[in-house]
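*Asks:*
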Amino acid sequence: MRHEKNNFSEKTLIFTVFSLIVVIILFLIAYPQTISIIGSAIIDGWATQTTTVSVTIIDQDLNLTVPSSGNVTPSDVDVRSLIPVITGLTPEWQINLTLRGTPLPVDWTAPSSDVAGTGRFEYLEIDVNSSETAGGSYTLYFNLSQNTLGTINPSNVSLLQFNSTSGNWNNLTTVVINGNLDPAQFYGIATHFSRFLIGSKPPVERSGDSGGSPGESGGSAGGGSSGGGGGGGSARESGTNISLSKPPLPPRIPDEREETIPEPVHRPGNYFDVSLTIPSRYRELQPGDALIGEISVINIRKIGAVTVQLEISIENEVGQVFFSKISTKVVENEITFLEEVDLPPDLSPGYYMMMVRVTFETDEAVAGYPFRIQGEKGALVGGGFWQQARGQITNPLFYGAALMAVIVIILGLIALQHRLRSRVEPPTLGMPKEQLKVTKDRLKDKKLDSTELTKLTQYIRKRSK
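Count along the sequence shown from 1, add 12, and you get the number used in the numbering used here.
#1: If we ignore side chains and look at the alpha-carbon of each, how far apart do T99 and I422 end up?
#2: CA-CA distance, V418 and Q173?
#3: Is L359 helix, strand or coil when you go by DSSP?
#4: Should G240 go down as buried or exposed, given a rule of 16 or more other Cβ atoms within 10 Å for buried?
#5: Looking at the strands, I want to know which residues DSSP matches up with G305.
#6: Are the CB atoms of N108 and L75 within a distance shorter than 8 Å?
#7: Which one of S87, S124, T469 and R207 has the shortest CA to CA distance from K213?
#8: Hey, would you say I164 sits closer than 8 Å to G131, going by beta carbons?
#9: Return the residue from the list V277, Y381, R431 and F335 that minimises the CA-CA distance to L359.
#10: Can you tell which of V84, E296, E346 and S87 has its C-alpha closest to the C-alpha of Q386?
#11: Would you mind reading off the limits of the beta strand (DSSP E) that contains N75?
#12: State the Cα-Cα distance for the pair A391 and N159, rounded to the nearest angstrom.
#13: Assuming D88 is part of the beta strand (DSSP E), what are its boundary residues?
#14: For R293 versus E323, is the C-beta distance shorter than 8 Å?
#15: Measuring straight from C-alpha to C-alpha, what distance separates T121 and G179?
#16: Which same chain residues end up closer than 6 Å to N190 when comparing Cβ atoms and leaving out the 5 residues on each side of it in sequence?
#17: To which residues of the same chain is T127 closer than 8 Å at the C-beta, ignoring the five residues directly before and after it?
#18: Given this structure, state the Cα-to-Cα distance separating E376 from S170, to the nearest angstrom.
#19: Give me the Cα-Cα distance between P117 and S80, rounded to the nearest whole angstrom.
#20: If you follow the beta strand (DSSP E) that L156 is in, where does it begin and where does it stop?
#21: Please give the ranges of any alpha helix (DSSP H) in the stretch 127-215, keeping only runs that are unbroken, at least 4 residues long and fully inside the region.
#22: With DSSP as the reference, please indicate the residues paired to R369 in a beta bridge.
#23: Just curious, the beta strand (DSSP E) that R279 is in, first and last residue?
#24: Which residues in the same chain as W105 place their Cβ atom closer than 7 Å to its Cβ, once the five residues preceding and following it in sequence are excluded?
#25: What does the Cβ neighbour count give for A379, buried or exposed, with the cut at 16 atoms within 10 Å?
#26: Within 10 angstroms of the Cβ of G305, are there 16 or more other Cβ atoms? Answer buried if so, exposed if not.
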């Protein structure tokens with residue numbers, strides 16, 4: 013009996029330790045990790061120097077392959093909520109994004125007060141598996157929630173980059189796309205990749221003779237007659253109000269709340285007419301899915317059986333072509349057929365048009381129908397579901413409640429195991445069950461002989477241990 017008790021205790025201990033390990037793993041997944049790295053460096057072949065570095069990593073998105081479009085969208089939900097897209101990249105590059113949080117990483121140089129203000133929203137690091145990134149023009153889109161901004165005006169937000177050669181931080185060209193949305197949308201233009209800071213601009217001292225905003229001429233904003241103005245102003249074209257201090261805005265990031273469904277296109281030609289319809293089940297797809305359209309071509313002039321050229325293409329709302337296919341068909345009166353297109357796997361979410369152009373000599377008929385690319389969906393189970401849920405649940409109380417629920421479940425399982433173990437039928441001490449039952453019955457009648465009484469006494473003593 014004592015051996016069975018020890019065996020039970022060992023199993024309980026193993027189960028408890030395993031359960032605690034599971035709880036710790038869940039806790040590390042739910043919260044940012046602090047990783048301690050210990051490295052050894054050999055000096056002169058004899059001495060060994062050991063250094064401990066604490067590196068705080070909030071989130072990472074590693075080994076992202078840049079598609080043919082040159083625009084990369086992070087796959088990690090948390091990274092994508094801050095950096096939705098980076099454009100201007102070279103296809104086939106491998107890019108890594110690491111979020112370091114708001115405190116200054118211990119191995120980083122702090123920006124000086126004349127470069128950055130007091131607002132420090134996110135330190136991040138971007139690196140590429142290429143040494144030829146310098147001198148480029150890469151647009152980093154980033155978002156900041158209104159809660160994060162607080163009292164800081166969106167126009168006072170800047171993207172800063174660390175120059176490893178000079179050891180200084182530099183303010184990059186930063187533009188507010190829409191500061192009224194939540195999150196507010198921005199972009200900055202970088203010439204290479206290294207360490208970045210999304211923060212606030214330093215305070216600007218205004219000159220006493222100018223009531224204009226920083227960066228504007230001291231003269232009238234009306235422009236042509238003010239001449240050079242009060243100084244420190246941005247360059248302006250003669251006789252116009254076009255500012256040259258900032259580059260033009262790139263295409264705005266589509267916002268689902270402002271999306272409008274494009275209208276179908278139908279432009280018949282002189283000799284032929286064409287129509288295109290996308291069945292309802294194919295009007296909302298994922299990147300890489302198969303798109304099917306029903307196409308009808310009509311010979312409206314009845315000029316006999318002739319060969320026409322058909323061009324099938326996939327375009328966005330500004331006419332950028334992502335797929336094109338040219339074929340020929342013989343049309344005598346009317347033909348109707350289904351056209352299947354495998355969508356490119358790197359299409360961004362939004363509306364697109366499936367277009368068909370029918371060309372006969374110099375005559376052209378055009379038709380188009382819209383469809384929508386949905387955002388990437390996480391898996392219903394496993395890591396994909398966790399990533400999606402973690403991006404939607406931001407209240408830390410949820411993780412605390414989940415952790416407590418797991419602990420309660422584990423304690424309940426341990427208690428249940430104890431209860432089930434206590435119900436195990438005790439051994440019969442060498443007596444068959446039938447004989448033990450007879451012994452109990454005779455005990456009630458007080459008809460036990462000395463041998464039976466001795467065995468029963470031994471049984472009671474061992475049961476009480």
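Glycine is no exception: its CB is placed at the ideal position from the N, C-alpha and C atoms.
*Replies:* According to the data block:
#1: 48 Å
#2: Between the alpha carbons of V418 and Q173 lies a gap of roughly 43 Å.
#3: coil
#4: With a pLDDT of 39 at G240, under the threshold of 50, the modelled position of this residue cannot be trusted, and the question is left open.
#5: E351
#6: It should be noted that the sequence gives Asn, not Leu, for residue 75. Result yes, Cβ atoms of N75 and N108 sit closer than 8 Å.
#7: S124
#8: yes
#9: F335
#10: E296
#11: D71 to T77
#12: Its pLDDT being 46, under 50, A391 is placed unreliably in this model, and the value from its coordinates should be taken loosely. Computed Cα separation, rounded: 30 Å.
#13: No beta strand (DSSP E) contains D88, which DSSP labels as neither H nor E.
#14: no
#15: 8 Å
#16: Q197.
#17: Checking the sequence, you will find Val at residue 127 rather than Thr. Within the same chain, V127 has close Cβ partners L172, N180, W181, N182, N183 and P214.
#18: Pairing E376 with S170, the inter-Cα distance amounts to about 49 Å.
#19: 34 Å
#20: Per DSSP, L156 belongs to the beta strand (DSSP E) from Y150 to L156.
#21: 158-161
#22: E323 and V378
#23: V277 to R279
#24: Annotation for W105: V78, V140, N141 and S142 place their beta carbon closer than 7 Å to its own, counting only its chain and skipping 5 residues before and after.
#25: buried
#26: By the 10 Å Cβ count, G305 comes out buried.
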